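If you read the protein sequences in the order shown, they are chains A and B. Taking my numbering, I'd label the letters of the first sequence as residues -4 to 380. Taking my numbering, I'd label the letters of the second sequence as residues -6 to 262. Virtual Cβ for every residue (Gly too), placed ideally from N, Cα, C. What you are looking at is a predicted structure, and each value in this text was computed from that prediction instead of being measured. Shown next, in structure tokens, is the structure this report addresses.
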Amino acid sequence: MMRKVLFIILIIISFTASVLLQNRILKKVKLDIPYIDSLYLPEGNIVKPLVLGYDMFAADFFWLRTIQAFGGHWTGDRVYANFDRMFDVIITLDPYFEEAYLFGTLVLGDEAKDKERTYKLFNRGIANYLDNRLAKMKDALINEEPMTALKTVQKLIDEKYLPEMQVLDLPYKIPYYAGYMAYFNFSETESALTYYEIAVRCKDVPDWVFRHIPWLQEKMGEYIIALDKWRRDYNQAVEDKDELIMSVADEKIKLTTNNYYLKLFRDNIKSFKEKYGRFPNKLEELAEKKYLPFIPPEPYGTGYLYFPKTGVIIDKKTAEHDIIVYLQHIKLQINEYYKKTNKYPNTLTELFGQGKEIPEPFLNEWIYDNKTGKIYSTTVPHIVF
Amino acid sequence: MKVFAIAKNTFKEAVRNRILYLLLIFAILMIGSSRILALLTISAHERVIKDIGLFGINFFGVLIAILVGIGLVYHEIDKKTIYTIISKPIHRYQFILGKYFGLLITVYVNLIIMTLFFFFMVLVLGIGFHISLLYAIIYTATELAIVTALAIVFSSFSNPTMAAIYTLIMFIIGRMNEDILRFAQYLARESEKLIQAGQHVPPFSKFLQGFANVICRVLPNLGLYNIRAEVIHAPDKVMISWEPLLYAFTYSAFLLLIAIFIFQKRNFK
């Protein structure tokens, strides 16, 4: 009996001592240690046979590990050096892991700002979904350098190698996000356009993605192509009795037409100046001197504002909008100044400081009254703040 | 009838094996933990749960088939119980078949338990049951019929450790079968390039190509039963094909015939 009690007492003592000691050890543990990579991966092609057919499970494992590693780097050094390898392993194991491509956008594009690796990931993603009917495109996307591959694909699109119809069994989100990334993160309109051209050929593409193409074509100066596509959208909307799309397409037609006309005017005003050493006195002079066959009407119906001294031309609607934005900002500064000093600044230079004045966007002048604090632009003098 | 009696006895014996319960508990824990792992992912929650569930069922099914199967025949010899069996009017082929079907029933009972738990998880978590999940499990069951036969073959002439190693190697090769075929094709393409360039193809390359071509045809193709990717990405397109089912039947029969042949040649004196 005595031995049993002694045995139990020894168990309790050893257990208590261990817990107390562990408690002491844990107090010394640094909880906020910096994140260190603990996963060094070989290439996906090597990992794939090693997982013995449990590809999906292994892809999930690496996927979870990648998310964890991203979190670690995101809260730490924000260096994403090994992530392309991680994504390579994941998409080699599961080439149809859509989320991996989209998350890759976030990591390699948004965070790492690495254009080459982002495009490479997207290109592989697109290629993985293509069947052998599009072998040329698939081959380019896999084997060529990412930027060269995009050029090859655009060439194939121009040559009608890709069908116009929505036939690709590819989730539209992959090329769509790629296009989004190309335009908004890397400011590459041409690459974005190529990706959107692929996106609109996917079976699951929603209607609104189609409208990105004329929008980008307009950005690239391809106004006529863009207009043609908007017109097609408008006609389709009329046929479908879709009033929302009709109004969107109508607005886009006006905007594209306006931008196109403005570009025509500006190019010809420039040529006029080069020949005559002065800007035309009025827009009609462009038609008189055969620079333009006629003066096109402003699509919004508000008319153009042309300033012969500077050669600046702008439609009235845009001018009013832009001037209001500027005036709101300047007026806010004037009011702040007034609140602090109980008087209006003598000049705008006094308000903003020498050399820091806000220039009038259309090369005209700000007219400022230091007695009343009111300000307007000579571009649209009727708008006073 | 005699086969059935041995199978029944094998099943009773197998369910007394503690390894079986250990593996089953691990499998259930793994399938259950998929919910927790799904919390760690960014989107793709459903996929993680399905992947882990299907992986757990397949992986632990294979482990059960191997770890329980490798000792079945050996223990009968080791414990001398084989003498009481072969002294009765039972053919040796009946003994092997009984052992095989007994083990297969054990494996399938466990498979059913894991499957029911997995489907329960799927329904409770509101993922939505799709028939393709059942197809994946039917294919797993078919694959396990071959793995079980492999375990029986190696158990009929070697000790459990060696039988486990042999079965595992065959399983690995079986899973890499299609990669071996790709390797053979790669070698063929490279040889073609050398011929076109007017160069000599090394004899070792020719041998390797032939060897790879033979290996991938002779050894089991277990990659055939992996439809888990299709179940996740295109469940509506998943179909049960008769070819893999018939292949499992013919290959298992072939393996069992080998096991019977070896077992009949064995001298128990």
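Problem set entry | Helix, strand or coil at F302(A) according to DSSP, with G and I counted as helix | When secondary structure is reduced to three states using DSSP, F302(A) falls in the strand class.
For this session: Specify whether the region -4 to 6 of chain B and the region 79 to 97 of chain B touch according to this definition: at least 3 beta carbon pairs, one from each stretch, less than 8 Å apart.
Result: yes
Problem set entry | 8 Å Cβ shell around M160(A) - same chain, five flanking residues per side excluded | Within the same chain, M160(A) has close Cβ partners R196.
Exercise. If you run the structure through DSSP and keep just helix, strand and coil, what is I290(A)?
Worked result: coil
Exercise. Which residues, in chain order, does the region 102 to 128 of chain B contribute to contact with chain A at a C-beta distance below 7 Å?
Worked result: none
Exercise. Does V41(B) have its Cβ less than 8 Å from a Cβ in chain A?
Worked result: yes
For this session: Would you please verify whether the beta carbon of F48(B) is less than 8 Å from any beta carbon of chain A?
Result: yes
Problem set entry | T133(B): contacting residues in chain A (beta-carbon distance under 8 Å) | Within 8 Å Cβ-Cβ: nothing; T133(B) doesn't reach chain A, min ~11 Å.
Problem set entry | K285(A) versus P291(A): straight-line alpha-carbon distance, rounded | Approximately 14 Å between the Cα atoms of the pair.
Exercise. What is the DSSP secondary structure of I309(A), reduced to helix, strand or coil?
Worked result: strand
Exercise. Name the chain A residues whose beta carbon is nearer than 8 Å to that of L201(B)?
Worked result: Neighbours of L201(B) on chain A: none; closest Cβ ~17 Å, over 8 Å.
Exercise. Chain E partners of I98(B), CB-CB under 7 Å?
Worked result: The structure shown contains no chain E; its protein chains are A and B.
Exercise. For F242(B), which of K72(B), E136(B), E6(B) has the nearest alpha-carbon?
Worked result: E136(B)
Exercise. Just how far apart, CA to CA, sit K(-1)(A) and V61(B)?
Worked result: 40 Å
Exercise. Can you give the beta carbon distance from M23(B) to I45(B), rounded, assuming they're within the 8 Å contact cut?
Worked result: 7 Å
For this session: For the region 50 to 61 of chain B, enumerate the residues whose C-beta is nearer than 8 Å to any C-beta of chain A, in chain order.
Result: N51, F52
Problem set entry | Meets three-Cβ-pair contact criterion under 8 Å: the region 334 to 343 of chain A and the region 354 to 368 of chain A | yes
Exercise. Where does V375(A) sit, in a helix, a strand or coil, going by DSSP?
Worked result: Of the three classes helix, strand and coil, the one that applies to V375(A) here is coil, per DSSP.
Exercise. Out of F4(B), W235(B), L47(B), G54(B), which has the shortest C-alpha to C-alpha gap to L15(B)?
Worked result: Of the listed residues, the one whose Cα sits closest to L15(B) is G54(B).
For this session: Helix, strand or coil for L137(B), going by three-state DSSP, please let me know.
Result: helix
Exercise. Can you give the Cα-Cα distance for I86(A) and K168(A), rounded to whole angstroms?
Worked result: One alpha carbon belongs to I86(A), the other to K168(A), and they sit about 16 Å apart.
Problem set entry | Beta-carbon gap between F176(B) and A205(B) smaller than 8 Å | yes
Problem set entry | 8 Å Cβ cutoff, F52(A) in contact with chain B | yes
For this session: Check whether the Cβ of K311(A) lies closer than 7 Å to any heavy atom of the ligand SAH, and answer yes or no.
Result: Looking for the ligand SAH in the displayed structure turns up nothing, as the structure carries no ligands at all.
Exercise. Which residues of chain B have a Cβ atom closer than 7 Å to the Cβ of E38(A), listed in chain order?
Worked result: None at all; the shortest Cβ gap to chain B is about 15 Å.
Problem set entry | When D134(A), P303(A), L259(A), R60(A) are compared against L287(A), the one with the closest alpha-carbon | Checking every option, the nearest Cα to that of L287(A) belongs to L259(A).
Exercise. Considering only residues of the same chain and omitting the five flanking positions on each side of A252(B), which have a CB-CB separation below 6 Å?
Worked result: The answer, listed in chain order, is I89, I145, V146, S149.
For this session: To the nearest angstrom, report how far apart I78(B) and G64(B) are at their CA atoms.
Result: I78(B) and G64(B): Cα-Cα distance of roughly 17 Å.
Exercise. Are the Cβ atoms of N276(A) and P303(A) separated by less than 8 Å?
Worked result: yes
For this session: Using only alpha-carbon positions, find the residue among Y35(A), S13(A), F65(A) that is nearest to L33(B).
Result: Of Y35(A), S13(A), F65(A), the smallest CA-CA separation from L33(B) is found for F65(A).
Exercise. So is W225(A) in contact with chain B if we call contact Cβ pairs under 8 Å?
Worked result: no
Exercise. Closest Cβ-Cβ distance between G25(B) and chain A: below 8 Å?
Worked result: no
Exercise. Should C209(B) and L174(B) be called a contact, given that it needs their Cβ atoms to be closer than 8 Å?
Worked result: yes
Problem set entry | Endpoints, alpha helix (DSSP H) assigned at I362(A) | Looking at the DSSP string, I362(A) is not in any alpha helix (DSSP H); the run it does join, the beta strand (DSSP E), is 361 to 363.
For this session: My understanding is that V100(B) touches T141(B), with C-beta atoms under 8 Å, so please give their C-beta distance in whole angstroms.
Result: 6 Å
Exercise. Considering only residues of the same chain and omitting the five flanking positions on each side of K(-5)(B), which have a CB-CB separation below 6 Å?
Worked result: If we look at K(-5)(B) and ignore the five residues flanking it on each side, its Cβ neighbours are I83, Q87.
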